[in-house]
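What follows is one structure encoded as structure tokens, with my remarks underneath.
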Amino acid sequence: MTLRAPIKTTCAYCGVGCGLVATPEGAEGWLVTGDPDHPANAGLLCSKGSALDQTLGLEGRLLSPRIDGEKSNWDKALDLVAEKFTATIKEHGPQSVAFYVSGQLLTEDYYVANKLMKGFIGAANIDTNSRLCMSSSVAGHKRAFGEDIVPGNYEDLDQADLMVLVGSNAAWCHPVLYQRMQAAQEEHGQKMVVIDPRGTATSQGAELHLPIKPGTDVALFNGLFVWLSQQGLVDQSYISDHTTGFEAALEAARVDAQSIDQVADYCGLEIKDLLKFYEMFGATKKVVTAFSQGVNQSSSGTDKVNAIINCHIATGRIGLAGMGPFSLTGQPNAMGGREVGGMANMLAAHMDIDNAAHRDLVQDFWQSPVMADQQGLKAIDLFDAMGRGDIKALWVMGTNPAVSLPDVGKVNEALAKCDFVVVSDIIEQTDTTQHADVLLPAAGWGEKDGTVTNSERRISRQKKFMPLPGEARPDWWIICEVARRMGFGDAFAYDNPAAIFREHAALSGYQNDGQRLFDISALANMDEAAYDNLQPIQWPVTSTHPTGTPRCFPAGGFTKPEGRASFLAVTARPPGDQPDADFPLVLNSGRVRDQWHTMTRTGAVPQLSFHMSEPIVDVSPEDAQNSQLQDGALAKINTRHGQAIARVNVSDHMVAGSIFLPIHWSETNAAQGRVGDLVNAFVDPVSGQPELKHTPATIAPYQAAWHAFLLTKAAPNTAPNIDGIDFWVRAQGDGFALYELAGDTEPLSWSALADQLLGDDDGVELLAYSDAGRGNYRFAQIRDDQLNACLIMGRDHHLLPRSWLMSLVGVEISALDRQSILAGRPAKGADTGAIICSCFSIGLNQITDCLKDGRATNIEEIGKALSAGTNCGSCLPELKEIVAARHPQPA
Ligand SMILES: Nc1nc2c(c(=O)[nH]1)N[C@H]1C(S)=C(S)[C@@H](COP(=O)(O)OP(=O)(O)OC[C@H]3O[C@@H](n4cnc5c(=O)[nH]c(N)nc54)[C@H](O)[C@@H]3O)O[C@H]1N2
Ligand SMILES: Nc1nc2c(c(=O)[nH]1)N[C@H]1C(S)=C(S)[C@@H](COP(=O)(O)OP(=O)(O)OC[C@H]3O[C@@H](n4cnc5c(=O)[nH]c(N)nc54)[C@H](O)[C@@H]3O)O[C@H]1N2
Ligand code: SF4
Ligand SMILES: [Mo]
């Protein structure tokens, strides 16, 4: 029997780590709301978090182990995995096997995966999607502080007088933190500067946006460093008491920053804007510089991190309330993964694999037969080695590398070539599970117990409140069962995640003596009940700080020898691959508001599907004109690595020379929508993090001969496998699927194509309109006075407003609706327009109508009239922009 009482847990998605309450609702259902007591969010949630209760269904779930695609059972599958790994190691050595894991695993899962690979298999070929995400920050922190530490906490974001956001679209990616910053703007006039090559929902709310030339952040911060020192704004006593390397770093910075003009020119910025930023930074003591993937995902990512940290330690703006460099972690447990050392170049508990004393310490603690004595392969090298046949057995857990790695065509070839691929996932059909010899059904969010650590070093419990579905099992259990079958049973005999956590906590304190700040040994003796009731707590958690530590480095005290932080001498380097005549544009890539990564969970939630229902390429008006692209039409984007097709959004927020594609679509839900196919695999030499934000590209109109969209209740969860369809993308509606379709050549018979797409359906009323001359076709199947399917085809891409037809699903179709469908024109006011507020499904037209007819003049009034923006608030930046377009503020 399941316990049907409210349960406190943590969000499954981003690194903000919001606390949630899952409350039973109805017979089986759960309602998920923000936990008002959790310090990360104080009850707030974003659009993704608020829709978590809608991901709890079992549609698409992997519910039993599979071998070669056939249903199997746990014993057979686990035996096979253990046998194959053991045999491969025996024949080809420990370096011939690898794990590729994820910052979305819980700390306990991560800990045992790392322990098995490094201490029992004896190699370090365990890398993680965090390589693509946080590894430059890890490397930057280690170089500066001697340890991977995010010094501050979220209260600093509230207390700062100036927030500098570098390469972060927090309004969409860390929405709850962004809302905290917005509140700080209102409460005490906090200022915001956003440094990003494109305008974003985040930069909308900023006092200053610096549309930096992609990849040039090191020069910008070197410029700041030099300027601060010229103005006498560096803190000499802090520098001499707590740091080393100031002079050398300043000298290196001067190479980039002989003058403000040089910096402005290199970074493609106006001198006055640059100076304004420098003056704001110089004049404000409480500055937080928060950074994310625009910094990390770069071939100079580590240097970018250090260029930022240099400015903070030069001015003593670190370790105190309202200030500091702040790496925003992406995944829910990116930080936890770093604690357990689950990357190829780390050991465990913030120890180094290159350090013999650390290796001995960990081996002694684990009582393990072997210990990896050299770094393993980092993600990009790992898949390259697999392509060469050097990695013969791979186990993927909690990540979808066939979508998310750069140059992913090559990755898919490597996966296809690998002798033995095991994938643990919650979803049956992904681009990666296609390659699996063995598929292991993992328990998902809400079905398993463990801990995660958020961006501010705060450990929170994720809790089970649902039964295990089918044969799904928690990841830690799966890993321990394989370890046991490989002969390591004693070291993996945990009864529950609490036991693993205790060991992890004990290791952090083992022979530590204050050498490593990551120490949670005060949690090492928690019994199950204490573990279950663990309140969110920030590490270090030691006998001297039993209730946790809100801030590190309050007065120096860095992990480096003598407690000093290092300045790093860095100079700007251009991105690895430069545009040329064939590929004159820079392809940037990143996230959209309502989707999570490869959409395996958020893609199934109707409420999240229509803020952006297909891959959109953002293009500046100038580039659109040069490439003859029309807003709303399809375009082909090509790079040296591959091709994608996306719909064009001509946007004033884009600067000429660069285009932006979202990362979310895959072969599972689109044809040619996978951005990884395009992206180069150039890496940062220090961190190994790939340059996912900068690939030379070209864009051209995709001259489709026909376009269509299909809205159907009979929602096949697959590609429309029909000859002549060259482009398709699928979005999940409430009880229906919406497909966008296009083809290169006009169908020989439109009606035959229509029959194939609609399928026979006896007993339905068919509305059909065709104008062969213009090539306009509209079909609607109506059953019991409701829309069953509808297909609109034509030579033009404009067709009809999808939002209008979607609004007809599930309601009685009136005579007027029938007329409107046949006429191809919605009745006045019937089209809600593109969805802006996902929580209440409020579209753009509804909002603009409300502003036009005077029902509202500001966001609050829109909220009152339509409810838009009154739940999670994720759409507030967009509402602000819509209001501003209608009611421009006097300058
Ligand atoms: N909605 C949503 N939220 C998420 C996620 C999600 O999938 N969906 N994923 C989570 C994860 S794992 C992560 S890592 C975070 C990522 O969070 P963010 O890093 O905020 O998100 P991105 O969209 O990847 O990229 C941020 C910005 O970097 C900019 N950028 C590109 N090149 C440069 C450059 O050279 N310099 C500078 N300064 N900026 C540049 C891009 O234009 C983009 O706006 O989001 C987390 N939150
Ligand atoms: N071009 C480009 N590429 C990028 C990025 C970019 O900005 N640009 N960003 C990069 C970044 S920062 C990141 S973090 C990655 C993210 O990329 P991925 O990690 O590949 O993306 P996800 O969709 O989060 O994959 C998680 C997988 O784990 C499964 N899963 C969910 N819960 C569980 C569970 O409890 N157990 C197990 N075993 N499986 C589970 C999901 O179904 C899904 O298949 O993408 C990277 N790739
Ligand atoms: S900001 Fe949104 S996605 Fe991130 S943890 Fe909070 S609710 Fe989840
Ligand atoms: Mo990430």
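One rule links them: number in the working numbering = place in the sequence shown (from 1) + 53. From the three backbone atoms N, C-alpha and C, an ideal C-beta is built for every residue, glycine too.
{"Item": "Proximity test, residue 738 beta-carbon vs ligand 1 heavy atom, cut-off 7 Å", "Value": "no"}
{"Item": "Sequence-distant residues of its chain with Cβ nearer than 6 Å to residue 924 (five each side left out)", "Value": "892"}
{"Item": "Exposure of residue 753, with buried meaning 16 or more beta-carbon neighbours within 10 Å", "Value": "exposed"}
{"Item": "Whether residue 138 touches residue 539 by CB criterion (8 Å)", "Value": "yes"}
{"Item": "Nearest residue (CA-CA) to residue 959, options 736, 256, 813, 642", "Value": "Nothing about residue 959 can be read from this structure; the chain reaches only from 54 to 944."}
{"Item": "Where residue 107 falls: helix, strand or coil (DSSP)", "Value": "helix"}
{"Item": "Spatial neighbours of residue 222 in its chain, beta-carbon cut-off 6 Å, leaving aside the 5 residues before and after", "Value": "253, 255"}
{"Item": "Proximity test, residue 102 beta-carbon vs ligand 3 heavy atom, cut-off 7 Å", "Value": "yes"}
{"Item": "Nearest-angstrom Cα separation, counted from residue 430 out to residue 702", "Value": "39 Å"}
{"Item": "Residue 91 to residue 71 span [Cα, whole Å]", "Value": "7 Å"}
{"Item": "Ligand 3 heavy atom lying under 7 Å from the CB of residue 381", "Value": "no"}
{"Item": "Backbone CA spacing between residue 894 and residue 765 [nearest angstrom]", "Value": "19 Å"}
{"Item": "Member of 829, 112, 881, 502 whose CA lies at the smallest distance from the CA of residue 802", "Value": "829"}
{"Item": "Ligand 3 heavy atom lying under 7 Å from the CB of residue 1", "Value": "Only positions 54 to 944 of the chain appear in the structure, and residue 1 is not among them; the question remains open."}
{"Item": "In chain order, each beta strand (DSSP E) run of at least 3 residues that lies wholly inside the region 650-716", "Value": "669-672, 687-692, 696-703, 711-715"}
{"Item": "Inter-residue CB distance, residue 531 and residue 114 (contact presumed, cutoff 8 Å)", "Value": "Not quite, the Cβ-Cβ distance comes to about 16 Å (not below 8 Å), so this is no contact."}
{"Item": "CB of residue 224 within 8 Å of CB of residue 930, strictly", "Value": "yes"}
{"Item": "8 Å Cβ cutoff met for residue 794 and residue 763", "Value": "yes"}
{"Item": "Best match in 932, 399, 421, 501 for proximity to residue 157 [C-alpha to C-alpha]", "Value": "501"}
{"Item": "Buried versus exposed call for residue 629 [16 or more other C-beta atoms within 10 Å across all chains shown]", "Value": "buried"}
{"Item": "Length of the line joining the Cα atoms of residue 266 and residue 639", "Value": "10 Å"}
{"Item": "Helix, strand or coil at residue 114 according to DSSP, with G and I counted as helix", "Value": "strand"}
{"Item": "Residue 672 beta carbon near ligand 1 (any heavy atom closer than 7 Å)", "Value": "no"}
{"Item": "Pairwise C-alpha distance: residue 722 and residue 853", "Value": "22 Å"}
{"Item": "Stretch pair the region 468-483 + the region 115-126: three plus CB contacts closer than 8 Å", "Value": "yes"}
{"Item": "Stretch pair the region 907-919 + the region 871-880: three plus CB contacts closer than 8 Å", "Value": "no"}
{"Item": "Whether residue 477 touches residue 451 by CB criterion (8 Å)", "Value": "yes"}
{"Item": "8 Å contact criterion, which residue 475 and residue 489 should meet: CB distance rounded", "Value": "7 Å"}
{"Item": "Counted within 10 angstroms of its Cβ, other Cβ atoms place residue 352 as buried (16 or more) or exposed", "Value": "buried"}
{"Item": "Collapsed DSSP secondary structure at residue 836 in the structure displayed", "Value": "strand"}
{"Item": "Check whether residue 218 and residue 187 have beta carbons under 8 Å apart", "Value": "no"}
{"Item": "Endpoints, the beta strand (DSSP E) within which residue 82 is located", "Value": "82-87"}
{"Item": "Cβ neighbours of residue 434 in the same chain (closer than 8 Å, five flanking residues each side left out)", "Value": "741"}
{"Item": "Alpha carbon of residue 335 to alpha carbon of residue 172, nearest angstrom", "Value": "49 Å"}
{"Item": "Reduced DSSP category for residue 947 - H, G, I as helix; E, B as strand; rest coil", "Value": "With the chain running from 54 to 944 in the structure shown, residue 947 is simply not present."}
{"Item": "Residue 927 versus residue 826: straight-line alpha-carbon distance, rounded", "Value": "45 Å"}
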